[in-house]
Amino acid sequence: MVKLQFDQKQYKLTIPKALVEAKGWRKGTRLRVELDTAGNLVLKEEQS
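Just so you know, we're using this note's numbering here: the sequence shown kicks off at 20 and counts up by one.
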């Protein structure tokens with residue numbers, strides 16, 4: 020489960036550690052947030 024938080028300027032999501040590790044992401048990995056055609060949030064790693 021993910022919890023949406025607000026800190027007076029922006030909303031934040033906490034991504035479960037197991038998911039981050041499965042994707043091979045690390046602290047500092049840049050992610051792009053998109054909406055698919057059904058309105059779901061999609062996270063994509065930015066390729067540099």
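Note that beta-carbon positions come from the ideal geometry of N, C-alpha and C, so glycine has one too. Treat the numbers as computed from the prediction; the structure is a model and nothing was measured.
Handout entry: Beta-carbon proximity of L62 to R51, cut-off 9 Å
Key = In this structure, L62 sits near R51, with a CB-CB distance shorter than 9 Å.
Practice task
Specify the secondary structure class of E65 as computed by DSSP and reduced to three states.
Solution key: The answer is coil: DSSP assigns E65 none of H, G, I, E or B.
Practice task
Starting from E53, follow its DSSP beta bridges and name the residues at the other end.
Solution key: DSSP output for E53 lists V61 as bridge partner(s).
Practice task
Just the C-alpha distance for Q66 and T48, rounded to the nearest angstrom, thanks.
Solution key: Rounded to the nearest angstrom, the two C-alpha atoms are 10 Å apart.
Handout entry: Delimiting residues of the beta strand (DSSP E) encompassing K31
Key = 30–32 is the extent of the beta strand (DSSP E) around K31.
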